[in-house]
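Working notes, beginning with the structure itself.
In my numbering, the protein residues as written are 9 to 128.
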């Protein structure tokens with residue numbers, strides 16, 4: 009087992025044994041809000057926020073790792089190229105639809121086509 013394997017195992021155990029994740033926002037620790045202020049008088053710091061892990065499914069998605077949409081956006085903007093490299097898209101995706109129709113008020117209605125799984 010190499011050093012990187014030991015580091016990963018330790019990191020994995022620390023994350024899953026705790027009841028909290030630290031916000032992964034790139035600049036979370038620099039946002040000047042009172043709930044980030046920690047320390048004793050004379051040695052105050054702005055600290056990254058904690059996110060409580062809830063096993064009931066909430067928070068979910070990116071809110072499980074970021075304290076706010078602002079922190080998520082900072083992280084995504086900084087790491088966009090590496091994020092896209094995880095699942096690159098070389099062709100567009102398409103969803104089959106019925107022909108668009110207008111109602112009496114002039115609104116256009118777009119309906120997805122149903123998927124027929126009965127292949128005989």
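Where is the CB? At the ideal position from N, CA and C, for every residue including glycine.
query                                                                                                                                                          : result
I need the DSSP call for residue 55, collapsed to helix, strand or coil.                                                                                       : coil
Beta-carbon within less than 7 Å of residue 75's beta-carbon, same chain only, minus the 5 sequence neighbours each way: which residues are those?             : 31, 33, 36, 57, 59
Residues in the same chain with beta-carbon distance under 7 Å from residue 121, minus the five sequence neighbours each way, listed in chain order, please.   : 104, 105, 106
Output the residue ranges of the alpha helix (DSSP H) runs that lie fully inside the stretch 67–91 and measure 4 residues or longer, sorted by chain position. : 77–86
Compare the C-alpha of residue 53 against each of 42, 102, 119 and name the closest.                                                                           : 42
Around the Cβ of residue 142, are there at least 16 other Cβ atoms within 10 angstroms (buried) or fewer (exposed)?                                            : Nothing about residue 142 can be read from this structure; the chain reaches only from 9 to 128.
Classify residue 44 as helix, strand or coil using the three-state DSSP reduction.                                                                             : helix
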